[in-house]
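In mature numbering (1 follows the signal peptide of the UniProt record, and there is no 0), the protein residues as written are -19 to -1, 1 to 187. Ideal placement from N, C-alpha and C gives every residue a C-beta, glycine not left out. Scroll down for the structure; my scribbles are underneath it.
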Amino acid sequence: MAKKLLAMVLGLTMMIGVAGCSAVDTGSGSNDKNADTQVSVSAELLDAAKYKSDKEPADWTIAVVVKDGTSDWFKRMQVGVDEFGKEKTVDVIQKGPANADAASQVQLVEDMINQGVDALCIVPIDPGALESVLKKAMEKGIVVISHEASDLKSTLYDVEAFTAEDFGNTMMQELAKAMGEKGQYAQMVAYTTSTTHMEYSNAEYK
């Protein structure tokens, strides 16, 4: 019997496209912001062994939902996504909202659920806003993998390219060195709702 768990692993490879990724089991789901969403994910939904399918891998569909479909960053990412699909003979779809709006991203996930995809790779604009719809996907047997969302509850695994705190600290060290350890600085991120962006931005300088 083919397993959707394999589709999940393929989704990880496709979504990140970088070496040295780390996968985090998200069974604990302990983040204050996401606690406000009042979404509780059962241990059964987080059991990867339950995601099984009688389909052959060539019949799987993996959807990748990104933050912004118009961004050059994600357009470049789609090149890798498409190459993966051809190499593995798996149907892959990459979609992103045109205006980087959290509500639009939720609607895209709804669309992917309605299309009956087998696995969903998500790069959230706002993890908290996606909790309910991603839980719905998992309840329908869809494998959910996330990136830049270490606090997301409704996902089997969150995959990160680096440890956010170490990355942020390294940036601060290099900035301080360039400034001669003097002066003031301002830091900007793409989305203040993006977990990973805020984790490295708020990293303690060491």
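Exercise for review: For the stretch 71 to 114, list the beta strand (DSSP E) runs that are entirely contained and at least 3 residues long, ordered along the chain.
Suggested key: If only uninterrupted beta strand (DSSP E) runs of at least 3 residues are considered, those enclosed by the stretch 71 to 114 are 72 to 76 and 100 to 103.
Review point. What does a CB cutoff of less than 6 Å around G66 pick up in its chain, not counting 5 residues either side in sequence?
Key: Translated into the one-based positions of the sequence shown, residue 66 becomes position 85. Result list for G66: V73, in chain order.
Check your understanding: Which value, in whole angstroms, describes the spacing of the CA atoms of E180 and V47?
Key -> Along the sequence shown, one-based indexing puts residue 180 at 199. Along the sequence shown, one-based indexing puts residue 47 at 66. Going by the C-alpha atoms only, they are around 19 Å apart.
Review point. Taking all protein chains shown into account, do 16 or more other C-beta atoms lie within 10 angstroms of the C-beta of E155, making it buried, or fewer, making it exposed?
Key: Looking up residue 155 in the sequence shown gives position 174. Burial call: exposed.
Exercise for review: For S85, I'd like the list of residues in its chain whose CB is within less than 6 Å of its CB, leaving aside the five on either flank, ordered along the chain.
Suggested key: Numbered from its first residue, the sequence shown carries residue 85 at position 104. For S85, the CB contacts under 6 Å within the same chain, skipping 5 residues up- and downstream, are P78 in chain order.
Review point. Does the stretch 43 to 62 come close enough to the stretch 16 to 33 that 3 or more CB-CB pairs lie under 8 Å?
Key: No, the stretch 16 to 33 does not touch the stretch 43 to 62.
Practice item. Count the C-beta pairs between the stretch 169 to 177 and the stretch 123 to 136 that are closer than 8 Å, then say yes if the count reaches three, no if not. Key: The count of Cβ pairs closer than 8 Å, one atom from the stretch 169 to 177 and one from the stretch 123 to 136, reaches three, so the stretches are in contact.
Check your understanding: So what does A44 bridge to, in DSSP terms?
Key -> Within the sequence shown, residue 44 is the residue found at index 63, counting from 1. Paired residue(s): I74 and L101.
Exercise for review: Check each candidate in S182, A157 and I123 and name the one with the smallest Cα separation from D147.
Suggested key: On the sequence shown, residue 147 is found 166 positions in, with the first residue counted as 1. Ranked by how close their Cα comes to the Cα of D147, the residues S182, A157 and I123 have S182 in first place.
Review point. Helix or strand or just coil, what does DSSP make of K31?
Key: Residue mapping note: residue 31 aligns to position 50 of the sequence shown, counting from 1. Of the three classes helix, strand and coil, the one that applies to K31 here is helix, per DSSP.
Check your understanding: When the Cα atoms are used, what is the spatial distance from E117 to M169?
Key -> Sequence index remark: in the sequence shown, residue 117 carries index 136 (1-based). Sequence index remark: in the sequence shown, residue 169 carries index 188 (1-based). With the sequence shown as reference, residue 117 is identified as Lys, and Glu is not the correct amino acid for it. Going from the Cα of K117 to the Cα of M169 covers about 33 Å.
Practice item. Report yes if the CB atom of A29 is closer than 8 Å to the CB atom of T70, and no otherwise. Key: Position 48 of the sequence shown, counting from 1, holds the residue named residue 29. Position 89 of the sequence shown, counting from 1, holds the residue named residue 70. No, Cβ-Cβ distance for A29 and T70 is not below 8 Å.
Practice item. Answer yes or no: do E112 and V20 have a C-beta to C-beta separation smaller than 8 Å? Key: Your numbering for residue 112 matches position 131 in the sequence shown. Your numbering for residue 20 matches position 39 in the sequence shown. In this structure, V20 lies closer than 8 Å to E112 by Cβ.
**Study point:** Nearest residue (CA-CA) to Q75, options M160, L89, K36 and V114
**Key:** Here residue 75 refers to the residue found at position 94 of the sequence shown. Distance check between Q75 and each of M160, L89, K36 and V114 places L89 closest, using alpha-carbon atoms only.
Check your understanding: Residues in its own chain within less than 7 Å of A81 by CB, not counting five upstream and five downstream?
Key -> Stepping through the sequence shown from its first residue, residue 81 is reached at position 100. If we look at A81 and ignore the five residues flanking it on each side, its Cβ neighbours are K48, D49 and I106.
Review point. Residue 190 and L101 look like a contact to me (Cβ under 8 Å); what is the Cβ gap, rounded to whole Å?
Key: Absent from the model: residue 190. The displayed extent of the chain is -19 to 187, so no value can be given.
Review point. Since M58 is in the alpha helix (DSSP H), which residue starts that stretch and which ends it?
Key: Numbered from 1 along the sequence shown, position 77 holds the residue referred to as residue 58. Its alpha helix (DSSP H) spans residues D53 to K69.
Check your understanding: At what residues does the alpha helix (DSSP H) containing G149 begin and finish?
Key -> Position 168 of the sequence shown, counted from the start, is the residue given in the question as residue 149. DSSP places G149 in the uninterrupted alpha helix (DSSP H) bounded by A145 to A159.
**Study point:** Rounded separation between W41 and V60 - CA only
**Key:** Residue 41 sits at position 60 when you count from the first residue of the sequence shown. Residue 60 sits at position 79 when you count from the first residue of the sequence shown. C-alpha separation (whole angstroms): 19 Å.
Review point. So A184 and M160 are in contact, right, with Cβ under 8 Å, and what is the actual spacing, rounded?
Key: Counting from 1 along the sequence shown, the entry for residue 184 is found at position 203. Counting from 1 along the sequence shown, the entry for residue 160 is found at position 179. That belief does not hold up - the Cβ atoms of A184 and M160 are roughly 17 Å apart, past 8 Å.
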